[in-house]
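Protein chains: 2
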Amino acid sequence: MGDEVILLDFWRSIFGMRVRIALAEKGVKYEYKEEDLGNKSPLLLEMNPIHKKIPVLIHNGKPICESLIIVQYIDEVWNSKSALLPSDPYERAQARFWADYIDKKVYDAGRKVWPRKGDEMEASKKEFIEVYKVLEEELGDKPYFGGETFGYVDLALIPFYCWFYAYGTIGNVSLEAECPKLIAWAKRCMQKESVAKSLPDQRKIYGYVLEMKKKRFGSE
Amino acid sequence: MGDEVILLDFWRSIFGMRVRIALAEKGVKYEYKEEDLGNKSPLLLEMNPIHKKIPVLIHNGKPICESLIIVQYIDEVWNSKSALLPSDPYERAQARFWADYIDKKVYDAGRKVWPRKGDEMEASKKEFIEVYKVLEEELGDKPYFGGETFGYVDLALIPFYCWFYAYGTIGNVSLEAECPKLIAWAKRCMQKESVAKSLPDQRKIYGYVLEMKKKRFGSE
Numbered sequence: 161m162g163d164e165v166i167l168l169d170f171w172r173s174i175f176g177m178r179v180r181i182a183l184a185e186k187g188v189k190y191e192y193k194e195e196d197l198g199n200k201s202p203l204l205l206e207m208n209p210i211h212k213k214i215p216v217l218i219h220n221g222k223p224i225c226e227s228l229i230i231v232q233y234i235d236e237v238w239n240s241k242s243a244l245l246p247s248d249p250y251e252r253a254q255a256r257f258w259a260d261y262i263d264k265k266v267y268d269a270g271r272k273v274w275p276r277k278g279d280e281m282e283a284s285k286k287e288f289i290e291v292y293k294v295l296e297e298e299l300g301d302k303p304y305f306g307g308e309t310f311g312y313v314d315l316a317l318i319p320f321y322c323w324f325y326a327y328g329t330i331g332n333v334s335l336e337a338e339c340p341k342l343i344a345w346a347k348r349c350m351q352k353e354s355v356a357k358s359l360p361d362q363r364k365i366y367g368y369v370l371e372m373k374k375k376r377f378g379s380e
Numbered sequence: 161m162g163d164e165v166i167l168l169d170f171w172r173s174i175f176g177m178r179v180r181i182a183l184a185e186k187g188v189k190y191e192y193k194e195e196d197l198g199n200k201s202p203l204l205l206e207m208n209p210i211h212k213k214i215p216v217l218i219h220n221g222k223p224i225c226e227s228l229i230i231v232q233y234i235d236e237v238w239n240s241k242s243a244l245l246p247s248d249p250y251e252r253a254q255a256r257f258w259a260d261y262i263d264k265k266v267y268d269a270g271r272k273v274w275p276r277k278g279d280e281m282e283a284s285k286k287e288f289i290e291v292y293k294v295l296e297e298e299l300g301d302k303p304y305f306g307g308e309t310f311g312y313v314d315l316a317l318i319p320f321y322c323w324f325y326a327y328g329t330i331g332n333v334s335l336e337a338e339c340p341k342l343i344a345w346a347k348r349c350m351q352k353e354s355v356a357k358s359l360p361d362q363r364k365i366y367g368y369v370l371e372m373k374k375k376r377f378g379s380e
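Here the protein sequences line up with chains B and U, keeping their order.
Every number in our numbering is 160 more than the matching position in the first sequence, counting from 1.
Every number in our numbering is 160 more than the matching position in the second sequence, counting from 1.
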């Protein structure tokens, strides 16, 4: 097609991973540009002057920002394979609702787990598990959130999976016992090449969290 | 069409107003049900068990939640007139970006203006004006955000206009001088019947803010 596709991204960004998965699902070839978030590139500042954040997808010179907006754009432009959003308006609204829930609840719940200690951490852990239990219930016995095939909500949520080892090891919050269906779902997603190749290793994330925790609280 | 459409709403909800405007633009007849947010109805709790918030659109018994998701749903279902989102995927992504900016920045900036005093209020006012200046620049010389016709971004932003009198009178923040194009745009939108009939009077909002301010800080 002669399309020029560039992704400005950062390896451990949950939001960047969503875009990587969407591009992989659609089989779109692109140039990946890793950003140094401590020293953002002139290209990032030019392409996302409002938020100055990754990910940014640059398609034939034009920028698209905000991960879920980028994923919807990818789904609309490369629409000949792997539909991510359902075609029915009601189901589409439901998919958008759950992706929005993930952005509003799951991201914050995870951020609160590791940087706390003692009672504060206990309260955060409880909230964390409750947020995931809601998703476990929504998933139910379906193989994917979208039903029989991997879709928009799966893609919005699965990047959090690479943080689970860090949550479990450092925060002592294991979702294995609390949300077994969700863990089975995550493992199912990880068997897809589009997902596996878009997510960093759980231990690499763990190493990063350990380092951040030491910087914040000193050694154990 | 025999559609049953019910809107669970609350008169001064910015988010509810968006849905009212979208329904008016499409000419959809619906039953408006005012919620008492201090004593939420069993119907609201049943229809939005996750967030328990208005607005909720109930279409033939099925609930759709979150204002921008509802508006997209309305645009997709009643698609024979007044398209709200652009048909081009890139323009649609841009419209979604600005509606998201409004949700992330404009709402918070407004909430910070009136409940503060002294220096804190001055800092909030500066931020408030900056947030709107970004929108003023995006609007430029176009009659509407979407171009020649009223659309998704216009609909996402215009409900804030009914708070402007309160901001100006209580917060002493006037956007008239700072963002003249935006004020002209707002007045243009208010000439549309779909908008005018969906927004409460500015003075009714002012009365409410005055009351809240007294409750929080006592009399002047």
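For each residue, glycine too, the CB sits at the ideal point set by N, CA and C.
Whole-angstrom C-beta distance between U/Val231 and U/Val389, which should lie under 8 Å:
Only positions 161 to 380 of chain U appear in this structure, which leaves residue 389 of chain U out of reach.
Cβ separation of B/Trp258 and B/Glu298, assumed to be a contact under 8 Å, to the nearest whole Å:
Between B/Glu298 and B/Trp258 the Cβ distance is about 6 Å, and since that is below 8 Å, they are a contact.
Should the region 324-336 of chain B be regarded as contacting the region 259-266 of chain B, the criterion being three or more beta carbon pairs within less than 8 Å?
Taking 8 Å as the limit for Cβ pairs, the verdict is that the region 259-266 of chain B does not touch the region 324-336 of chain B.
Which residues in the same chain have their Cβ closer than 6 Å to the Cβ of U/Asp279, if we skip the five residues on either side of it in sequence?
Leaving aside the five residues that flank U/Asp279 on each side, none in its chain has a CB nearer than 6 Å to its CB.
Check the Cβ-Cβ distances between B/Cys225 and every residue of chain U, and say whether any is below 8 Å.
Yes, B/Cys225 counts as interfacial toward chain U.
Chain B contact for U/Ile210 (CB, 8 Å cutoff)
So, interface residue.
For B/Ile166, would you say it is in contact with chain U, using Cβ-to-Cβ distances shorter than 8 Å as the test?
For B/Ile166, the closest Cβ of chain U is not nearer than 8 Å.
Applying a beta-carbon distance threshold of less than 8 Å, which residues of chain B neighbour U/Pro249?
Tyr233, Glu236 and Val237, listed in chain order.
Examine the Cβ distances between the region 245-257 of chain B and the region 360-368 of chain B and report whether three or more of them are shorter than 8 Å.
Because the criterion of three Cβ pairs below 8 Å is not met, the region 245-257 of chain B and the region 360-368 of chain B do not touch.
For U/Asp279, decide whether its Cβ has a neighbour in chain B, counting only Cβ atoms nearer than 8 Å.
Among the residues facing chain B, U/Asp279 is not included, as its CB has no counterpart in that chain under 8 Å away.
Per DSSP, U/Asp169 forms a beta bridge with which residues?
U/Asp169 is bridged to U/Glu194.
Is the beta carbon of B/Leu295 sitting closer than 8 Å to the one on B/Leu342?
Yes, the pair counts as a contact, with Cβ atoms nearer than the cut-off.
The ligand MN and B/Gly331: does the residue's C-beta get closer than 7 Å to at least one heavy atom of that ligand?
The ligand MN is not part of this structure, which contains no ligands at all.
What number of angstroms, rounded off, separates the C-alpha of B/Ala182 from the C-alpha of B/Ile234?
Cα-Cα distance, rounded: 7 Å.
Which residues in the same chain have their Cβ closer than 7 Å to the Cβ of B/Glu380, if we skip the five residues on either side of it in sequence?
With a pLDDT of only 49 at B/Glu380, under 50, the local geometry of the prediction cannot be trusted, and no value is derived from it.
In or out: U/Glu185 buried (at least 16 other Cβ within 10 Å) or exposed?
Result: buried.
Distance cutoff 8 Å, beta carbons only. Does B/Val266 sit that close to anything in chain U?
For B/Val266, no CB of chain U lies under 8 Å from its own CB, so it is not counted at the interface with that chain.
Contact residues within the region 170-198 of chain B, judged by C-beta distance below 9 Å to chain U:
For the region 170-198 of chain B, which is checked against every Cβ of chain U, not one residue is closer than 9 Å.
Taking Cβ positions, are U/Gly270 and U/Phe320 nearer each other than 8 Å?
Yes; because the gap between Cβ atoms is below 8 Å, this pair is in contact.
Identify the contact partners of B/Val273 in chain U, using a Cβ-Cβ distance below 7 Å as the criterion.
The contacting residues do not exist; B/Val273 stays about 21 Å from chain U at best.
Below 9 Å on C-beta distance, what does U/Arg256 contact in chain B?
Using a Cβ-Cβ cut-off of 9 Å, U/Arg256 is close to Glu226, Leu228, Ile229, Gln232 and Tyr233 of chain B, given in chain order.
Check whether chain U comes within 8 Å of B/Val294, counting only Cβ atoms and requiring the distance to be less than that.
Yes, B/Val294 counts as interfacial toward chain U.
Just curious, the beta strand (DSSP E) that B/Val216 is in, first and last residue?
DSSP places B/Val216 inside the beta strand (DSSP E), whose first and last residues are Val216 to His219.
Under three-state DSSP, which class holds U/Pro246?
Coil at U/Pro246, not helix or strand.
In whole angstroms, what is the alpha-carbon distance linking B/Ile289 and B/Leu335?
B/Ile289 and B/Leu335: Cα-Cα distance of roughly 7 Å.
Considering Cα atoms alone, identify which of U/Thr309, U/Leu217 and U/Gly176 is closest to U/Ile166.
Among U/Thr309, U/Leu217 and U/Gly176, the Cα nearest to that of U/Ile166 belongs to U/Leu217.
Beta-carbon separation of B/Cys349 and B/Asp314 under 8 Å?
Yes.
U/Val369 versus U/Arg172 - alpha carbon distance:
Distance between the alpha carbons of U/Val369 and U/Arg172: 11 Å.
In the DSSP output, which residue or residues are listed as bridge partners for U/Ala222?
It is Lys, not Ala, that sits at residue 222 of chain U in the sequence shown. Answer is U/His219, bridged to U/Lys222.
Just checking my contact of U/Lys272 with U/Glu282 at CB under 8 Å: how many whole Å lie between their CB atoms?
In this structure U/Lys272 does not touch U/Glu282 by the C-beta definition: roughly 11 Å separates them, more than the 8 Å allowed.
Once you ignore the five residues that flank U/Glu195 on each side, which residues in its own chain have a CB closer than 8 Å to its CB?
If the five residues before and after U/Glu195 are omitted, its C-beta is found closer than 8 Å to the C-beta atoms of Leu168, Asp169, Phe170, Ser201, Leu204 and Ile214, all from its own chain and listed in chain order.
Would you mind telling me which residues of chain B sit closer than 8 Å to U/Asp260, beta carbon to beta carbon, in chain order?
Within chain B, the residues near U/Asp260 are Glu226 and Ile229.
Within the 8 Å Cβ cut-off, does U/Ala253 reach chain B?
Between U/Ala253 and chain B, the shortest Cβ-Cβ separation is below 8 Å.
7 Å CB neighbourhood of B/Lys352 in its chain, flanking five on each side removed
Excluding five sequence positions before and after B/Lys352, the CB atoms of its chain that fall closer than 7 Å to its own CB belong to Phe310, given in chain order.
Is the CB of B/Lys241 under 8 Å away from at least one CB in chain U?
With 8 Å as the cut-off, B/Lys241 does not count as an interface residue toward chain U.
Starting from U/Asp328, follow the alpha helix (DSSP H) in both directions and report where the run begins and ends.
Position check: residue 328 of chain U holds Gly in this sequence, whereas Asp was assumed. Residues Phe324 to Ile330.
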